[in-house]
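Basically this note's numbering = 1-based index in the sequence shown + 2. We put the beta carbon where it would ideally sit given N, CA and C, even for glycine. Every value quoted in this text rests on a predicted model; they were computed, and no experiment measured them.
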Amino acid sequence: MMVGAGATPPSVMLAKYGLAPSKQRGQNFLSDPNVVRKVVSAVGLSSDDLVVEIGPGFGALTFGLAEAARHVVAVELDSGIVRAFLEEYGQCEGITLVTGDILDFDFAGAAGRHGVNRLVVVGKIPYNVTSPLVRRLIEARQHVDRCLIMVQSEVGDRIASGPGENDYSGLSAVINYHARVRRLFTVKRTCFHPRPKVDSGVIEIAFEDDLGRRSTPEAFEAVVHAAFGKRRKMLRQSLKVLLNERGLTASKLEAATGVDLSRRGETLTVEEFDKLAAALPGAGSKADAS
Numbered sequence: 003m004m005v006g007a008g009a010t011p012p013s014v015m016l017a018k019y020g021l022a023p024s025k026q027r028g029q030n031f032l033s034d035p036n037v038v039r040k041v042v043s044a045v046g047l048s049s050d051d052l053v054v055e056i057g058p059g060f061g062a063l064t065f066g067l068a069e070a071a072r073h074v075v076a077v078e079l080d081s082g083i084v085r086a087f088l089e090e091y092g093q094c095e096g097i098t099l100v101t102g103d104i105l106d107f108d109f110a111g112a113a114g115r116h117g118v119n120r121l122v123v124v125g126k127i128p129y130n131v132t133s134p135l136v137r138r139l140i141e142a143r144q145h146v147d148r149c150l151i152m153v154q155s156e157v158g159d160r161i162a163s164g165p166g167e168n169d170y171s172g173l174s175a176v177i178n179y180h181a182r183v184r185r186l187f188t189v190k191r192t193c194f195h196p197r198p199k200v201d202s203g204v205i206e207i208a209f210e211d212d213l214g215r216r217s218t219p220e221a222f223e224a225v226v227h228a229a230f231g232k233r234r235k236m237l238r239q240s241l242k243v244l245l246n247e248r249g250l251t252a253s254k255l256e257a258a259t260g261v262d263l264s265r266r267g268e269t270l271t272v273e274e275f276d277k278l279a280a281a282l283p284g285a286g287s288k289a290d291a292s
């Protein structure tokens, strides 16, 4: 039985080419054709879209994405998997297979080569690279329209959580400063080979040019970092060093923003963090930076 449109099941590929999944790289390959169809449908591709797929593995998603999009650039770190993919399928129309680390991928260059302004990113993300990859996508947001990523459920909760939730973190706030984030659905651990210990969650990150932010990204991250660095303390304490550096008192910041600094950072919305950051002396604003 085929996994996706034309993909050989991962258990067959591993045995055929003498490969073993790497735990270090989080290699659990999607093997359920129903989930493949659900993911491809959720991406919402058009025939004009360029897709960058993270970790195509043996092509479970790749062929389905290629049927819906203009072209798929599939970036695979494991050279053994790349060799097996090419030997099994050869050169496939609409698919470019690249050996390399997605953290080093040139999103702007890929968009330019394929004549698009912004591209779509899809893939299953290993736990140990989730934070650096999300930050890399934020850096490349001028060339990335949206991302559909599959991550461990607890990581997905951390990315998509909001104020007052246990998983709310600095990463949550920073992502939501730049994008609209949605939890889409859960993928059971039984849908992968080999079977991981936990379920996965599918998260959509949609970058938008104007979310009404008033602060610069640098000022926003400085406030968020300080607030979550001492997340159990009141903001007047966790922001103390930052405010001293800027020559500002907590009472003046409260008066300027209307944000109660007796609260903890984990209770603030992105909009409230944005107000605080925009009010910092010397931080500038988006209007100043543009």
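Residue burial classification, residue i (beta-carbon count within 10 angstroms, cutoff 16)
i, result
"Lys-277", "buried"
"Pro-134", "exposed"
"Pro-115", "One detail in the question is off: residue 115 reads as Arg in this sequence, not Pro. That one is exposed."
"Thr-218", "buried"
"Leu-121", "buried"
"Arg-148", "buried"
"Ala-224", "buried"
"Asn-168", "exposed"
"Thr-132", "buried"
"Asn-119", "exposed"
"Ser-292", "Bear in mind that the predicted position of Ser-292 carries a pLDDT of just 45, short of 50, making it unreliable; the figure below should be weighed with that in mind. Result: exposed."
"Gly-117", "exposed"
"Gly-111", "exposed"
"Gly-203", "buried"
"Met-3", "Confidence at Met-3 is low in this model, with a pLDDT of 33, below 50, so the placement of that residue should be treated as unreliable; the coordinate-derived value is given next. Label assigned to Met-3: exposed."
CA nearest to the CA of residue i, picked from the options
i, options, result
"Ile-127", "Glu-273, Arg-138, Asn-119, Asp-262", "Arg-138"
"Glu-220", "Val-204, Met-236, Leu-244", "Leu-244"
"Cys-193", "Leu-63, Leu-213, Asp-50", "Leu-63"
"Asp-50", "Asn-36, Asp-201, Ala-70, Met-15", "Ala-70"
"Lys-235", "Tyr-19, Leu-263, Ser-48", "Leu-263"
"Gly-46", "Val-123, His-195, Lys-18", "Val-123"
"Thr-101", "Ala-86, Ala-258, Ala-113", "Ala-86"
"Arg-197", "Gln-26, Phe-31, Gly-8, Arg-27", "Phe-31"
"Gly-44", "Met-152, Lys-242, Arg-233", "In the sequence as presented, Gly is not what sits at residue 44; that position holds Ala. The shortest C-alpha separation from Ala-44 is found at Met-152."
"Glu-90", "Lys-242, Val-42, Arg-216, Gly-8", "Gly-8"
Euclidean distance between Cα positions of residue i and residue j
i, j, result
"Gly-260", "Thr-271", "13 Å"
"Ser-163", "Ser-33", "28 Å"
"Asn-246", "Val-176", "23 Å"
"Ser-240", "Glu-274", "15 Å"
"Gly-125", "Pro-58", "7 Å"
"Leu-150", "Gly-92", "27 Å"
"Thr-10", "His-73", "20 Å"
"Asp-159", "Arg-185", "8 Å"
"Asp-201", "His-180", "27 Å"
"Thr-251", "Arg-265", "16 Å"
"Leu-173", "Ile-161", "7 Å"
"Phe-65", "Phe-107", "21 Å"
"Asn-36", "Ile-205", "18 Å"
"Phe-60", "Lys-190", "19 Å"
"Thr-269", "Phe-187", "26 Å"
"Arg-238", "Ala-281", "15 Å"
"Leu-21", "Lys-199", "21 Å"
"Gly-214", "Leu-255", "20 Å"
"Arg-248", "Asn-178", "25 Å"
"Gly-6", "Gln-144", "Because the pLDDT at Gly-6 is just 49, under 50, the model does not fix this residue reliably, and the point stays unresolved."
"Ala-17", "Glu-95", "26 Å"
"Val-183", "Met-15", "34 Å"
"Leu-67", "Arg-27", "23 Å"
"Ala-257", "Lys-40", "49 Å"
"Lys-232", "Arg-216", "24 Å"
"Gly-82", "Ile-97", "18 Å"
"Ser-253", "Val-42", "51 Å"
"Tyr-19", "Pro-165", "48 Å"
Residue j beta carbon less than 9 Å from that of residue i
i, j, result
"Gln-154", "Tyr-170", "no"
"Ile-56", "Val-38", "no"
"Ala-228", "Gly-267", "yes"
"Val-53", "Val-84", "no"
"Phe-230", "Ala-279", "no"
"Asp-103", "Gln-29", "no"
"Phe-109", "Val-146", "yes"
"Ser-13", "His-195", "yes"
"Leu-99", "Leu-88", "yes"
Using 8 Å as the Cβ pair cut-off and three pairs as the minimum, do the stretch 206–214 and the stretch 138–153 touch?
yes
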